[in-house]
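Per the working numbering: the sequence shown = residues 30 to 192.
Just so it is clear, CB atoms sit at the ideal spot from N, CA and C, and this is done for glycine as well.
Taking it in order: structure first as structure tokens, then the write-up.
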Amino acid sequence: MENIICQSWWYWLIAAVISIYQGIRGFIVQNQIVELQKNQLLDEMKPIEFNIESNVELNNHLDKKEKLKSEWMKIKEDKFVIYAKANYQTIWLRAIPYCFFYFITTLLGFIALFFVYYVIANTCNLNDISGGTAAILIFAVLYGIIGITGQLPYLIEQGKLPK
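Below is the structure:
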């Protein structure tokens with residue numbers, strides 16, 4: 030076993046590079062999805078109208094320009110705080126888990142293909158492989174290919190096989 034792993038260092042190097050790439054891809058894809066959702070939400074929101082004359086205390090202390098300026102600054106600050114919280118939460122609650130999810134599924138795809146290689150390499154005669162073992166090997170090959178190509182996270186989220 031150690032001999033096979035040592036001889037295939039290039040395989041694990043490729044596995045690490047592609048897994049890291051898929052992890053970064055998952056991070057970026059999730060950020061893009063969040064930005065699209067934010068834009069859709071902002072498009073659906075209607076502008077807020079203020080009734081400046083309704084607040085008697087403000088009318089006594091501020092003229093109309095100062096009131097408009099203070100209302101605008103308040104709204105602007107609220108939007109900034111909400112946006113900052115959303116970015117922070119987006120990164121920690123959506124983008125980083127997706128990064129790990131894509132990384133792990135890609136790495137598991139490489140491990141599945143290595144498992145198939147190891148089993149076939151240690152089998153003296155391919156006719157000795159039973160039907161159950163062959164089914165597991167076929168499943169592992171398909172799992173490996175789907176994992177390496179980055180489609181496994183999508184299939185897991187959908188909860189179904191491709192049509």
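Item                                                                                                                      : Value
Cβ pair F56, I125 closer than 9 Å                                                                                         : yes
Beta-carbon contacts of Q51 that lie in its chain and below 7 Å, excluding the five residues immediately before and after : Y131, F132, T135 and G179
Which listed residue (W121, V145, N116 and R123) has its alpha carbon closest to that of F168                             : V145
Inter-residue Cα distance where the pair is L171 and F143                                                                 : 13 Å
Span of the alpha helix (DSSP H) around C128                                                                              : I125 to A150
Outcome for Y127 when other beta-carbon atoms lying within 10 angstroms are tallied against a minimum of 16               : buried
CA nearest to the CA of K67, picked from T119, Y40, I53 and W39                                                           : T119
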